[in-house]
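For the record, the sequence lines run as chains C and E. Residues in the first sequence are numbered consecutively from 1, following my numbering. Residues in the second sequence are numbered consecutively from 224, following my numbering. All C-beta atoms in this analysis are idealised placements derived from N, C-alpha and C, irrespective of residue type, glycine included. Okay, so here's the structure we're looking at.
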Amino acid sequence: MNYQFEFGWLCEYYPQIVKGIAITIQLIAVGAVAGIALGIVCAWVRALGPAWAKPIVAAYVELIRNTPFLIQLFFIFFGLPSLGPQLSELQAANLAMVVNLGAYSCEIIRAGIQATPKGQFEAGASLAMTPFETFRHVVLVPSLQRIWPALSSQVVIVMLGSAVVSQIAAEDLTFAANFIQSRTFRAFEAYIVSTAVYLVLAILLRYVLGMVGGLIFPRRAAR
Amino acid sequence: MIEFTIWDILRNLLLATRWTIVLSLVSFLGGGIVGLVLLFLRISKRKWLRALAKYYIELFQGTPLLMQLFIAFFGLGLFGIDVPAWLAAGLALILWTAAFLGEIWRGCVEAIAKGQWEASASLGMGRLQQMRYVILPQAMRIAVPPTVGFSVQVIKGTALTSIIGFVELSKAGTVVTNATFQPFTVYGLVALIYFALCWPLSKSSQILERKLNVAHRNH
Numbered sequence: 001m002n003y004q005f006e007f008g009w010l011c012e013y014y015p016q017i018v019k020g021i022a023i024t025i026q027l028i029a030v031g032a033v034a035g036i037a038l039g040i041v042c043a044w045v046r047a048l049g050p051a052w053a054k055p056i057v058a059a060y061v062e063l064i065r066n067t068p069f070l071i072q073l074f075f076i077f078f079g080l081p082s083l084g085p086q087l088s089e090l091q092a093a094n095l096a097m098v099v100n101l102g103a104y105s106c107e108i109i110r111a112g113i114q115a116t117p118k119g120q121f122e123a124g125a126s127l128a129m130t131p132f133e134t135f136r137h138v139v140l141v142p143s144l145q146r147i148w149p150a151l152s153s154q155v156v157i158v159m160l161g162s163a164v165v166s167q168i169a170a171e172d173l174t175f176a177a178n179f180i181q182s183r184t185f186r187a188f189e190a191y192i193v194s195t196a197v198y199l200v201l202a203i204l205l206r207y208v209l210g211m212v213g214g215l216i217f218p219r220r221a222a223r
Numbered sequence: 224m225i226e227f228t229i230w231d232i233l234r235n236l237l238l239a240t241r242w243t244i245v246l247s248l249v250s251f252l253g254g255g256i257v258g259l260v261l262l263f264l265r266i267s268k269r270k271w272l273r274a275l276a277k278y279y280i281e282l283f284q285g286t287p288l289l290m291q292l293f294i295a296f297f298g299l300g301l302f303g304i305d306v307p308a309w310l311a312a313g314l315a316l317i318l319w320t321a322a323f324l325g326e327i328w329r330g331c332v333e334a335i336a337k338g339q340w341e342a343s344a345s346l347g348m349g350r351l352q353q354m355r356y357v358i359l360p361q362a363m364r365i366a367v368p369p370t371v372g373f374s375v376q377v378i379k380g381t382a383l384t385s386i387i388g389f390v391e392l393s394k395a396g397t398v399v400t401n402a403t404f405q406p407f408t409v410y411g412l413v414a415l416i417y418f419a420l421c422w423p424l425s426k427s428s429q430i431l432e433r434k435l436n437v438a439h440r441n442h
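Quick look at the structure:
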């Protein structure tokens, strides 16, 4: 192997990389917050919601979980405009990530809700709370706490999956790497650098999610 | 302009589905073999072997599959090999699958009660014998549902190989879209084909898990 590694392009192209990182972070921030919110609503419907809505949510979850993210993205970006809404690359990428994470987090959160002891619901009812109030004030937070590690892993998986949005020309980190390799012909180095950045982002994201978990969930009281 | 019927579109997509299936099988089998090696490294008695496997798994689980594909595609080229897309796709998917299967299976092996290790050691079995006759037969039962479940991820992962130019279902979807200008229909059909491949696996994974739990409760 007589290949000379060359990272000199980093000086010239680092603004592209920084911009790519910023967009990747923006994508996962919106995706995580809106996706988990959607997941909570769907989980409520599947576990406790009205009977007519359950099969609809179930179909959504199964459909998303059994098709590749890339195809969901293409369908939203290329396919949806024929029905009307014209989305920009970034909007389509955001929407695809929210829809994707919504389905996965629905299943995870539902498991948390179903693991709630029955007495909690009964206790809420005996305090004259409506079922929704019981869900909101009694069941939800401990349920989320129970499944927070699994949910965090899923958010990291979705962040790594977001590399694909470069395929619809959303200018994320992978897009920056593609751009740089097309300019400098240093494909291997460009992808090594961006892979390392993704690894750091994944580790940071796991750390941040751990901290968020520590903030929103009260310390587990001694039982 | 040529008119394309739904059947024209579907036929072309189904022809390409063969390659999705072949690549999934190769990745899953190859990944299973490498994953088994990783499993043995991960539970080895030597610390550096355990660390090696741990970092391998961290690396492959902490970076996007797309990047791994790019690096395989361009990295192999550095050795002066003319890399066809199928080779890079197969290699990257095998290594990626191995990282996940290795970690899933480690969890299953660790779920086996410690007494089983002690009992087999007290019968004078070596490490390999313990694994072969005592641990793996029990761990395999627990491992089936998550392994089947992960095969769905492998099938979905093969969609990314379209980006480095391997012609499978997703790539065929793009090509057919460019010919027919019907992205809604084509990507809808592509999604349905993926669903038809993945859903039975997801469901059987769930059913297997339920069965296994029932079996456990009766103990």
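Next on the checklist: Tell me the rounded alpha-carbon separation between residue 344/E and residue 353/E.
Outcome noted: When rounded, the distance between both Cα atoms is 7 Å.
Item to check | Amino acids of chain C, ordered along the chain, whose beta-carbon sits closer than 9 Å to that of residue 386/E | outcome: Ordered by position in chain C, the residues that pass the 9 Å Cβ test against residue 386/E are 70, 164, 166, 167.
Checklist entry - Helix or strand or just coil, what does DSSP make of residue 442/E? => result With a pLDDT of only 46 at residue 442/E, under 50, the local geometry of the prediction cannot be trusted, and no value is derived from it.
Item to check | Chain-order list of residues whose beta-carbon lies under 7 Å from that of residue 3/C (same chain, five-residue window excluded) | outcome: Nothing meets the Cβ criterion.
Item to check | Under the three-state DSSP convention, the category residue 86/C falls into | outcome: Per DSSP, reduced to three states, the secondary structure at residue 86/C is coil, with no helix or strand assignment.
Checklist entry - For the alpha helix (DSSP H) that contains residue 122/C, what are its first and last residues? => result Going by DSSP, residue 122/C is part of the alpha helix (DSSP H) stretching over 118-126.
Item to check | Limits of the alpha helix (DSSP H) - the one that residue 194/C falls within | outcome: Taken as a continuous stretch (DSSP letters only), the alpha helix (DSSP H) holding residue 194/C covers 187-216.
Checklist entry - Mapping DSSP to helix, strand and coil, what is residue 390/E? => result Three-state DSSP puts residue 390/E in coil, outside helix and strand.
Checklist entry - Going along the stretch 80-104 of chain C in order, which residues come within less than 9 Å of chain E, judged by CB to CB distance? => result Cβ contacts with chain E: 80, 81, 82, 83.
Next on the checklist: With a threshold of 8 Å on Cβ separation, who are the neighbours of residue 16/C within its own chain once the five nearest residues in sequence on each side are excluded?
Outcome noted: Cβ-Cβ distances below 8 Å link residue 16/C to 176, 179, 180 in the same chain, with the five nearest sequence neighbours on each side left out; the list follows chain order.
Checklist entry - Which whole runs of the alpha helix (DSSP H) in the stretch 305-385 of chain E are 4 residues long or more, in chain order? => result If we require 4 residues or more, the alpha helix (DSSP H) runs fully inside the stretch 305-385 of chain E come out as 308-333, 337-345, 359-381.
Checklist entry - Looking at chain C, which residues of the stretch 289-302 of chain E have a Cβ within less than 9 Å of any of its Cβ atoms? => result Contacts with chain C (Cβ-Cβ distance below 9 Å) from the stretch 289-302 of chain E involve 289, 290, 291, 293, 294, 296, 297, 298, 300, 301, 302, listed in chain order.
Checklist entry - Taking C-beta to C-beta, are residue 174/C and residue 143/C nearer than 7 Å? => result Not closer than 7 Å, so no.
Checklist entry - Which residues bound the alpha helix (DSSP H) around residue 3/C? => result Boundaries for residue 3/C: no alpha helix (DSSP H) harbours it, and the DSSP string shows neither H nor E there.
Item to check | Cβ-based neighbour list, residue 329/E, same chain, cut-off 7 Å, excluding 5 preceding and 5 following | outcome: Excluding residues within five positions, the ones whose Cβ falls inside 7 Å are 262, 265, 266.
Item to check | Below-7 Å beta-carbon distance, residue 421/E vs any chain C residue | outcome: So yes, residue 421/E belongs to the interface.
Checklist entry - What does residue 208/E reach in chain C if we use C-beta pairs closer than 8 Å? => result The displayed coordinates of chain E run from 224 to 442. Any statement about residue 208/E would go beyond what the structure contains.
Checklist entry - With a Cβ-Cβ cutoff of 7 Å, do residue 102/C and residue 147/C count as a contact? => result It is not a contact, given that the beta carbons lie outside the stated cut-off.
Checklist entry - If you run the structure through DSSP and keep just helix, strand and coil, what is residue 19/C? => result Correct three-state label for residue 19/C: helix.
Checklist entry - Which residues, taken in chain order from the stretch 174-198 of chain C, show a beta carbon closer than 7 Å to some beta carbon of chain E? => result For chain E, the residues of the stretch 174-198 of chain C that bring a beta carbon within less than 7 Å of one of its beta carbons are 174, 187, 188, 191, 192, 194, 195, 198, in chain order.
Checklist entry - Would you call the CB atoms of residue 308/E and residue 255/E closer than 7 Å? => result Taking 7 Å as the cut-off, the beta carbon of residue 308/E is found no closer than this to the beta carbon of residue 255/E.
Next on the checklist: Taking CB distances under 7 Å as the criterion, tell me whether residue 7/C reaches chain E.
Outcome noted: Taking Cβ atoms only, chain E never reaches closer than 7 Å to residue 7/C, which makes this a no.
Checklist entry - Any Cβ of chain C within less than 7 Å of the Cβ of residue 307/E? => result Not an interface residue.
Next on the checklist: Using CA atoms only, rank isn't needed, just tell me which of 129/C, 194/C, 36/C, 83/C is closest to residue 163/C.
Outcome noted: Closest option to residue 163/C, Cα to Cα, is 194/C.
Item to check | Cross-chain neighbours of residue 393/E in chain C, by beta carbon under 9 Å | outcome: Result: 68, 70, 71, 74.
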